[in-house]
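Below is one structure; the comments refer to it alone.
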Amino acid sequence: MRVLLVGAGGVGTAVTRIAARRGFLTHMIVADYDLARAEAAVAALDEPDGRFSPYRLDASDAEAVRSLLVTERCDLLLNATDPRFVMPLFDAALAAGTHYLDMAMSLSVPHARAPYERCGVKLGDEQFARAGEWADAGRLALVGMGVEPGLSDVFARYAADELFDEIEELGVRDGANLTVEGYDFAPSFSIWTTIEECLNPPVVYEKDRGWFTTPPFSEPEVFDFPEGIGPVECVNVEHEEVLLMPRWVDARRVTFKYGLGDDFIAKLKTLHALGLDSTAKVTVPGADGPVEVSPRDVVAACLPDPATLGERMTGKTCAGTWVKGTKDGAAREVYLYHVVDNEWSMREYGSQAVVWQTAVNPVIALELIASGAWQGTGVLGPEALPARPFLDLLIEYGTPWGLREER
Numbered sequence: 254m255r256v257l258l259v260g261a262g263g264v265g266t267a268v269t270r271i272a273a274r275r276g277f278l279t280h281m282i283v284a285d286y287d288l289a290r291a292e293a294a295v296a297a298l299d300e301p302d303g304r305f306s307p308y309r310l311d312a313s314d315a316e317a318v319r320s321l322l323v324t325e326r327c328d329l330l331l332n333a334t335d336p337r338f339v340m341p342l343f344d345a346a347l348a349a350g351t352h353y354l355d356m357a358m359s360l361s362v363p364h365a366r367a368p369y370e371r372c373g374v375k376l377g378d379e380q381f382a383r384a385g386e387w388a389d390a391g392r393l394a395l396v397g398m399g400v401e402p403g404l405s406d407v408f409a410r411y412a413a414d415e416l417f418d419e420i421e422e423l424g425v426r427d428g429a430n431l432t433v434e435g436y437d438f439a440p441s442f443s444i445w446t447t448i449e450e451c452l453n454p455p456v457v458y459e460k461d462r463g464w465f466t467t468p469p470f471s472e473p474e475v476f477d478f479p480e481g482i483g484p485v486e487c488v489n490v491e492h493e494e495v496l497l498m499p500r501w502v503d504a505r506r507v508t509f510k511y512g513l514g515d516d517f518i519a520k521l522k523t524l525h526a527l528g529l530d531s532t533a534k535v536t537v538p539g540a541d542g543p544v545e546v547s548p549r550d551v552v553a554a555c556l557p558d559p560a561t562l563g564e565r566m567t568g569k570t571c572a573g574t575w576v577k578g579t580k581d582g583a584a585r586e587v588y589l590y591h592v593v594d595n596e597w598s599m600r601e602y603g604s605q606a607v608v609w610q611t612a613v614n615p616v617i618a619l620e621l622i623a624s625g626a627w628q629g630t631g632v633l634g635p636e637a638l639p640a641r642p643f644l645d646l647l648i649e650y651g652t653p654w655g656l657r658e659e660r
């Protein structure tokens, strides 16, 4: 398999380190707007046969991406950029006739009149609008294939196929006890994406009502996470699983809740109150005259790069899907989960826990596509494909998943 990886940040670099240990790749082009970053990712690999090569590429330039895919005879484009670049990369892959895989979907737009009641443009709407073109082309666009979304969706498929006869609720629950020495505020994932997810109206799905929204940070609950993480307060956050799972898994309700904590929420609310979450550019003085900048990009530039925090970070992160329903006429609740200890991921791969946990899942998906174990055409989410091959391969990668009975 020949893959174009676009994005050599924390997740992209972790992808290269995981993929380098597997034999299914023929070649991976590691592309980034910052060539030095792509070169550093490749140089860190022990790959004397040249399976990985760096390349400078502007992810917003769909024609340049298409041309590179064709010239390099790539089978698939793996998108490891932030959601702003989903559509140009998605379109470029379709135009080039290659498969496509991402970890975050096209951006949402809140409803103009009732943002906390009704959906406007939903996450992934732009991509699903072109599903027919992908099916007609005989190509697969596998969307939302990270950890959340991604592995959480695989868990939903597994629960529906093997654990439950009827599902009342699929509830993705994400929490951690990670701390970063020397920082009062140091998000472990892209602050650009974190702001987008946490300050947009969260989406909830109910079978009798469809998709609807609530105010940010709504419906707080304390969820007890496994393997020593313990109780963490979780709140509703906008996330792709709620838009993906109901398309392929029959459930009465689907939610996503994230363990943020009061301090983190307060800081996000302050950024919003000051307008520092905005992506609209403002004009500020510069050494050579006025400069246009996005307030959110300024916030991101002022915070440490999450990929560099691993040496200062301690603790574990947990991603999982809580499922409530019935099996053989009896009520059942389970939590399917995956925990990564930062000490382990740093020792084994040199990548901090959150970015490594995100990166391992698209690599497994690549291997399943390369082997033919996962096949399909059109725009599909992870829950549209069989779960067992994925979960078996996750264990083979040395990072087991767990199942906890809740009752």
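Under this note's numbering, think of the first position of the sequence shown as 254, with each following residue one higher.
Here a beta-carbon is modelled for each residue, glycine too, at the ideal position from N, C-alpha and C.
All values derive from a computational prediction rather than experimental measurement.
Look at residue 624 here: in three-state DSSP terms it is helix. The beta carbon of residue 562 is closer than 7 Å to those of 433, 439, 441 and 605 in its chain, skipping five residues each way along the sequence. In the DSSP assignment, residue 508 falls outside any alpha helix (DSSP H) and lies within the beta strand (DSSP E) extending over 506-512. Nearest neighbour of residue 639 by Cα position, chosen from 408, 268 and 499, turns out to be 408. A Cβ-Cβ separation of about 6 Å places residue 272 in contact with residue 281 under the 8 Å criterion. Spatial neighbours of residue 453 in its own chain (CB-CB distance under 8 Å, excluding positions within 5 residues in sequence) are listed in chain order as 361, 363, 469 and 491.
Judged by DSSP secondary structure, residue 656 falls within the beta strand (DSSP E) whose first and last residues are 655-658. One thing to note: residue 580 has its Cβ within 9 Å of the Cβ of residue 416. Proximity to residue 367 across 307, 377, 298 and 455 peaks at 455, based on C-alpha coordinates.
Cβ contact annotation for residue 577 (same chain, cutoff 6 Å, sequence separation greater than five): 421, 422 and 586, in chain order. The stretch 439-481 is shown to contain whole alpha helix (DSSP H) runs of 4 or more residues at 444-452, in chain order. Counting C-beta pairs with one atom in each stretch, the stretch 377-393 and the stretch 591-600 have fewer than three that are closer than 8 Å, which means they do not touch. For residue 599, the three-state secondary structure derived from DSSP is helix.
In the DSSP assignment, residue 414 falls outside any beta strand (DSSP E) and carries neither an H nor an E. DSSP assignment within the stretch 348-420 yields the following whole beta strand (DSSP E) runs of 3 residues or more, N-terminal first: 352-355 and 393-395. Shown here for residue 508: same chain residues with a beta carbon closer than 6 Å to its own, the five before and five after excluded, namely 424 and 457 in chain order. Between residue 322 and residue 286, the CB-CB gap reaches or exceeds 9 Å.
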